Structure formats: structure tokens, C-alpha cells
Amino acid sequence: MLHKIKAIFPICFLLFISCVFENKETSTDVFSSADTLKPLKSPEIVTDFEKQMIQLGMVNINDIDSSIVIEIKYSTDDNFFKKDIYGSFDKAYLQPDVAEKLAKAQSFLKELHPDYSLIIYDAARPLIFQKMIWDSLKMPVREKGKFACNPKNGSLHNYGAAVDVSIIDENCEELDMGCPFDYFGELAYPVSENKLLSEGKLTEQQINNRKLLRKAMHKAGFFNIQTEWWHFNSCSRDVAKEKYKIIE
């Protein structure tokens with residue numbers, strides 16, 4: 125009997141070792157599977173519009189200054205369309221020199237009010253959306269030109285050389301500018317502020333808030349237009365056509 129046990133022992137031992145290694149491999153596979161089940165950070169969506177802007181040499185504003193707040197209105201329903209027209213594109217791109225100017229404007233603003241920040245509503249804008257905005261304005265062409273550039277000529281937004289911007293305070297609340305972004309009417313006109321103040325349609329504080337925004341943007345090299353308190357250009361259209369390519 126002892127002889128038989130001795131004869132069987134090597135076979136049992138080999139089976140035991142085989143099971144141990146099989147279990148080890150199985151265990152390793154289990155841990156590997158568990159690792160793959162760990163939540164992974166979703167890859168950032170890069171839209172075709174963003175790819176085109178990058179190819180044209182434009183930069184993401186937050187790569188230049190991450191303290192600037194981005195809230196692209198046309199990728200929300202908080203705009204005059206009352207719907208999202210940009211889809212997944214919700215970033216703010218500008219030409220590199222324009223983005224550097226904007227970073228300077230942020231710095232100037234914080235020198236005056238450390239708890240304040242610029243908030244960007246729109247920056248580089250593909251021409252296809254310029255056409256959409258132009259066509260959606262149901263008013264005479266002469267009136268349209270006060271609020272949007274004819275896509276035949278191209279807007280400075282289409283060159284990445286203009287930005288729509290406001291200011292938020294330490295509570296992330298937007299300063300009261302007297303009317304919202306994309307308000308199409310005289311209440312938005314910087315040129316009419318004194319008149320609107322005398323008529324009681326704008327308060328002194330609302331005008332001072334606009335002046336603060338203009339002060340920071342002007343010091344950085346931007347200039348405003350006369351019909352939209354939020355819109356600032358970095359250069360003229362003729363200069364933009366010479367320096368930059370339009371975003372289709």
C-alpha cells in the first residue's frame with residue numbers, strides 16, 4: 125500500500141502545482157479586468173471647427189490664461205436664437221496675438237478688482253454661423269449691419285480677431301450692464317449711454333460697469349463698437365484680411 129501511495133504522490137503533486145498556477149493566472153486576469161473597469165476620464169471632444177481653428181494657428185484662450193471664464197452663448201440656449209447652434213463646440217479660440225491681448229485685459233481688470241474676471245461669450249466664429257446669424261435677423265439690411273456683419277464681408281469674429289466679453293464678480297455673478305448679451309436695440313449702444321442715463325433707461329452703476337469693461341479692454345489694445353457693449357475688436361477688417369485666414 126505504501127508503495128502505491130509513493131507512486132501516486134508525484135502525480136498528485138504535479139496536479140496541485142498545475143492548479144496553483146492556473147489559479148494564479150486566473151487571479152491575475154481577474155485583477156486585470158478589474159483595472160479595466162476603473163472609471164476613465166472621458167476623452168475631450170475635438171470638433172471639426174476646433175481642428176480647423178488649430179490648423180489656422182489659433183489658440184485656446186484658456187491655454188493662455190486659465191483664469192478667464194468661458195461661457196460660449198451659442199453653445200447654450202441663452203442667446204437670441206433660444207437654442208444651441210454651436211453643438212459640441214464650446215471653447216474660445218483667438219489668434220495668438222489677440223489671445224495675448226485678452227490675457228493683458230484680464231490682468232488689467234484684476235489690478236483694479238482682484239476678485240473680478242472677464243467672461244467670454246463668443247470668440248472665433250466659423251463663417252457658416254455668421255451666415256446663420258445674419259439670415260435670422262428679420263430687419264432691413266441697414267439695421268442688420270448695426271448688430272451683425274454681412275457674411276459677404278466677413279466679421280472679425282470669423283478671423284479670430286474679435287471677442288464678446290463681460291465681467292463677473294467674486295460670486296461668479298455677471299455685472300449688470302443694463303441689458304443682456306445679444307440685445308438688439310439702443311439699450312445696448314455705448315454711444316447712447318448718456319442719453320439712456322438721462323431718460324432713466326440705464327443707471328449710473330450700469331454705465332460704470334460698462335466703462336470698467338472698456339477700460340480694461342482698451343488698455344490691452346482692443347476697441348469697442350458703438351452698438352454692442354460686449355463686442356471688442358483687436359484690429360480693423362482690412363488688417364485682419366492681411367494677417368489672418370477666415371474660418372469657413
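With our numbering applied, the sequence shown closes on residue 372, and no number is skipped along the way.
Ideal placement from N, C-alpha and C gives every residue a C-beta, glycine not left out.
Bear in mind the structure is a predicted one, so any value in this text is a computation, not a measurement.
Query: Own chain residues within Cβ distance below 6 Å of Phe271, not counting five before or after; Result: Phe308
Query: For Ile209 and Phe253, believed in contact at Cβ under 8 Å, the rounded distance; Result: 6 Å
Query: Inter-residue Cα distance where the pair is Met341 and Lys365; Result: 22 Å
Query: Where Ala286 sits in the DSSP three-state scheme; Result: strand
Query: Delimiting residues of the beta strand (DSSP E) encompassing Leu242; Result: 241-246
Query: Beta-carbon spacing of Ala248, Ser358 below 8 Å; Result: no
Query: The alpha helix (DSSP H) enclosing Phe253, as first and last residue numbers; Result: 251-260
Query: Rounded distance between the beta-carbons of Ser279 and Tyr245, thought under 8 Å; Result: Not really, about 14 Å apart at Cβ, beyond 8 Å.
Query: Cβ shell of Tyr368 (< 8 Å), same chain only, five flanking positions each side left out; Result: Leu180, Gln219, Tyr283, Gly284, Ala285
Query: Paired residues, beta bridge with Val363 - DSSP; Result: Beta-bridge pairing links Val363 to no other residue.
Query: Pick from Ser322, Leu337, Phe346, Asn184 that is closest to Met299, judged by C-alpha positions; Result: In the sequence under discussion, the amino acid at residue 299 is Leu, which differs from the Met named in the question. The option with the nearest alpha carbon to Leu299 is Leu337.
Query: Buried versus exposed, by CB contacts within 10 Å (16 or more), Phe347; Result: exposed
Query: Neighbour-count burial assignment, Asp172, 16 or more Cβ in a 10 Å radius; Result: exposed
Query: Cys303 burial status per 10 Å Cβ neighbour count (16 or more: buried); Result: buried
Query: Spatial distance of Asp202 from Val363 (CA atoms); Result: 32 Å
Query: With 16 other Cβ atoms within 10 Å as the buried cut-off, status of Pro238; Result: exposed
Query: Cβ-based burial, Asp259 [other Cβ within 10 Å; buried from 16]; Result: exposed
Query: Contact under 8 Å by Cβ, Ser190 with Phe213; Result: no
Query: Cα-Cα separation between Ser241 and Trp354, rounded to whole angstroms; Result: 14 Å
Query: The beta strand (DSSP E) enclosing Asn186, as first and last residue numbers; Result: Here Asn186 belongs to no beta strand (DSSP E); instead the alpha helix (DSSP H) covers 185-188.
Query: Own chain partners of Glu352 with C-beta closer than 6 Å, once the 5 adjacent residues on each side are dropped; Result: Ala312
Query: Distance between Lys325 and Gln176 (C-alpha atoms, nearest Å); Result: 42 Å
Query: Neighbour flag for Ala229 against chain B, beta carbons, 8 Å; Result: The chain inventory of the structure shown lacks chain B, comprising one protein chain alone.
Query: N- and C-terminal bounds of the alpha helix (DSSP H) containing His342; Result: 328-343
Query: Boundaries (first-last residue) of the alpha helix (DSSP H) holding Asn318; Result: 317-322
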